[in-house]
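A short worksheet on the structure shown next.
2 protein chains.
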Amino acid sequence: MARVSQTAERRSEFLPILAAAFAELGYRRATTAELAARCRVRENVLYRLWPDKKAMFIATIRFVYEHSVEIWRRVLDEEDGQASAAQRLLQYEARHVGEFGLYRIVFAGLSETDDEDIRDALADMYRRYQKFFADHVRDHRHGAGGPDAGLVAWAVIGLGTVASITRELGLVSDRQRARLLREVGAELLETSGGT
Amino acid sequence: MARVSQTAERRSEFLPILAAAFAELGYRRATTAELAARCRVRENVLYRLWPDKKAMFIATIRFVYEHSVEIWRRVLDEEDGQASAAQRLLQYEARHVGEFGLYRIVFAGLSETDDEDIRDALADMYRRYQKFFADHVRDHRHGAGGPDAGLVAWAVIGLGTVASITRELGLVSDRQRARLLREVGAELLETSGGT
DNA sequence: TCGTTCTGTAAGTGTTCACTTACATTATGC
DNA sequence: GCATAATGTAAGTGAACACTTACAGAACGA
Chain A
86 MARVSQTAER RSEFLPILAA AFAELGYRRA TTAELAARCR VRENVLYRLW PDKKAMFIAT
146 IRFVYEHSVE IWRRVLDEED GQASAAQRLL QYEARHVGEF GLYRIVFAGL SETDDEDIRD
206 ALADMYRRYQ KFFADHVRDH RHGAGGPDAG LVAWAVIGLG TVASITRELG LVSDRQRARL
266 LREVGAELLE TSGGT
Chain B
86 MARVSQTAER RSEFLPILAA AFAELGYRRA TTAELAARCR VRENVLYRLW PDKKAMFIAT
146 IRFVYEHSVE IWRRVLDEED GQASAAQRLL QYEARHVGEF GLYRIVFAGL SETDDEDIRD
206 ALADMYRRYQ KFFADHVRDH RHGAGGPDAG LVAWAVIGLG TVASITRELG LVSDRQRARL
266 LREVGAELLE TSGGT
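Each protein sequence line maps, in turn, to chains A and B. Using my numbering, you'd call the opening residue of the first sequence number 86 and step up by one each time. Using my numbering, you'd call the opening residue of the second sequence number 86 and step up by one each time.
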């Protein structure tokens with residue numbers, strides 16, 4: 086034997102760079118030449134780490150999910166007696182939504198959904214997000230009535246999505262976007278169950 | 086002079102076909118060869134109607150907006166003494182959201198937002214949608230308090246977006262998706278203004 | 001009927017891209 | 001120190017794509 090493989094380390098070294106590139110350029114425009122240049126290696130180095138470009142993209146989707154969940158966990162670990170976890174997540178997003186270009190990667194993926202592998206990776210990511218929020222919504226209400234917490238979680242994801250879109254397209258001011266997430270988000274959490 | 090030009094008619098003849106193609110394939114995968122084949126003409130025929138592929142896409146975005154607004158107007162014209170216009174729109178979407186692949190075109194556009202023209206076309210489209218809904222939200226409440234109707238309109242758009250995503254990725258059943266739009270949508274309309 | 005313009009067909013063209021191959025260099029276990 | 005496998009450099013390849021050009025036929029006003 087000679088020289089132990091650094092494959093795993095290199096993968097996690099490059100993933101944030103790939104994520105930034107896919108977020109900035111979208112799937113098609115992020116050419117393998119561009120990805121390699123940003124990683125400061127040649128293309129074939131990337132091809133030793135992943136079988137093809139699609140695999141790089143799917144790995145990026147997973148990375149982005151884990152990255153943002155990690156950030157959220159850190160936010161939740163900060164002590165704050167007043168607000169529930171769900172409220173704190175909304176407040177955090179009110180200030181930082183769209184910051185890391187997560188949604189640009191998701192949009193890129195959503196226009197590639199005729200590819201089964203990409204669709205599966207996205208579906209998996211959304212399921213995890215929804216479960217994450219739904220748990221916190223249920224916790225926020227601890228047992229009280231209201232519409233299905235799962236549905237509210239989807240609505241919160243929708244709120245984050247539209248917030249990112251308005252940011253991306255310059256449709257509303259930062260101030261208004263923060264209000265959107267805080268005020269409408271609070272309403273979603275507080276609703277006492279209609280129909 | 087000889088032979089009068091049919092340019093305008095042909096454009097509107099092809100637009101629904103282009104819309105279907107972009108919705109099904111996304112921007113990059115909808116190659117000009119594929120677009121032409123679906124229109125049953127050669128590529129250069131399309132290039133006589135629009136200067137380039139981007140112009141075809143932007144024309145499609147506008148078409149899709151006008152198409153869905155026309156449908157909504159028809160829904161609103163049907164008499165229904167009970168429900169407000171906003172409620173009827175939500176009920177309609179609960180049954181038909183994502184049906185025409187509108188959001189796939191939007192997603193395709195959102196991953197091309199580094200192109201100024203595409204970004205502008207999308208921004209314009211969103212502004213119109215938001216105004217359309219905001220007017221109906223205000224009307225629904227006729228003067229009563231609550232969070233800014235403009236913000237609620239954005240939230241409704243978010244709800245429609247996430248509904249389309251869950252449909253696209255097969256994440257929730259049709260039944261649950263209808264509940265999401267009807268129940269959570271109703272909550273958004275009814276909120277009496279928090280903070 | 002003639003001339004002009006619209007409309008259709010067919011075959012390029014230059015570029016870009018995902019992915020590959022060939023080979024030189026370097027680190028490390030034995 | 002030497003064999004071995006990891007790592008780096010450089011060039012290339014075949015396919016796909018946006019867009020073009022050249023030309024033939026068809027409609028229609030004069």
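Note that CB positions come from ideal geometry on N, CA and C, so glycine has one too.
N-terminal and C-terminal residue of the alpha helix (DSSP H) that residue i is part of
i	result
B:ASP205	201 to 226
A:GLU159	This sequence places Arg at residue 159 of chain A; Glu is not what is there. It spans 138 to 162 - the alpha helix (DSSP H) in which A:ARG159 sits, taken as one unbroken run.
A:PHE192	187 to 195
A:LEU256	Here A:LEU256 belongs to no alpha helix (DSSP H), and DSSP marks it neither H nor E.
B:GLU128	128 to 134
Simplified DSSP assignment, three categories, for residue i
i	result
A:GLN176	helix
B:ALA105	helix
B:ALA115	coil
A:ARG267	helix
B:GLY278	Confidence at B:GLY278 is low in this model, with a pLDDT of 44, below 50, so its placement is unreliable and no value can be given for it.
B:THR198	coil
A:GLU272	helix
A:GLY235	helix
B:ALA168	coil
B:VAL284	A question about residue 284 of chain B goes unanswered here, because the residues of chain B that appear run from 86 up to 280.
A:ILE242	helix
A:ARG88	coil
A:ARG125	coil
beta-carbon residue i near the ligand SAM non-hydrogen atom, thresh 8 Å
i	result
B:GLU128	Although the ligand SAM was asked about, the structure shown includes no ligands whatsoever.
Of the listed residues the options, nearest to residue i (C-alpha basis)
i	options	result
A:PHE142	A:ARG180, A:ARG96, A:GLN167, A:GLY255	A:ARG96
B:ALA60	B:GLU178, B:ALA115, B:ALA140, B:ARG226	What the structure shows of chain B is the stretch from 86 to 280, and residue 60 of chain B is not part of that stretch, so it cannot be assessed.
A:GLY270	B:GLN167, B:THR117, B:PRO232	B:PRO232
B:GLN91	B:GLN167, B:ALA118, B:VAL130	B:VAL130
A:SER169	A:HIS181, A:ARG88, A:PHE218	A:PHE218
B:VAL257	A:GLY235, A:GLU119, A:SER258, A:HIS227	A:GLY235
A:ALA238	A:GLN172, A:ARG123, A:ALA105, A:PHE148	A:GLN172
A:LEU266	A:HIS181, A:HIS152, A:GLU201, A:LEU103	A:HIS181
Relative to chain B, which residues along the stretch 222 to 247 of chain A have a C-beta separation below 7 Å, given in chain order?
-> PRO232, LEU236, VAL237, TRP239, ALA240, ILE242, GLY243, LEU244, THR246, VAL247
What residues in the stretch 192 to 208 of chain A bring their beta carbon closer than 8 Å to a beta carbon of chain B?
-> PHE192, ALA193, LEU195, SER196, GLU197, THR198, ASP199, ARG204, LEU207, ALA208
Please name the residues in the stretch 249 to 264 of chain B whose beta-carbon is closer than 8 Å to at least one beta-carbon of chain A, in chain order.
-> ILE250, THR251, GLU253, LEU254, GLY255, LEU256, VAL257, GLN261, ARG264
Residues, ordered as in the chain, of the stretch 108 to 139 of chain B that lie near chain A by beta-carbon distance below 8 Å | GLU109, LEU110, GLY111, TYR112, ARG113, ARG114
Interface positions of the stretch 140 to 168 of chain B facing chain A (Cβ-Cβ less than 9 Å), listed along the chain | none
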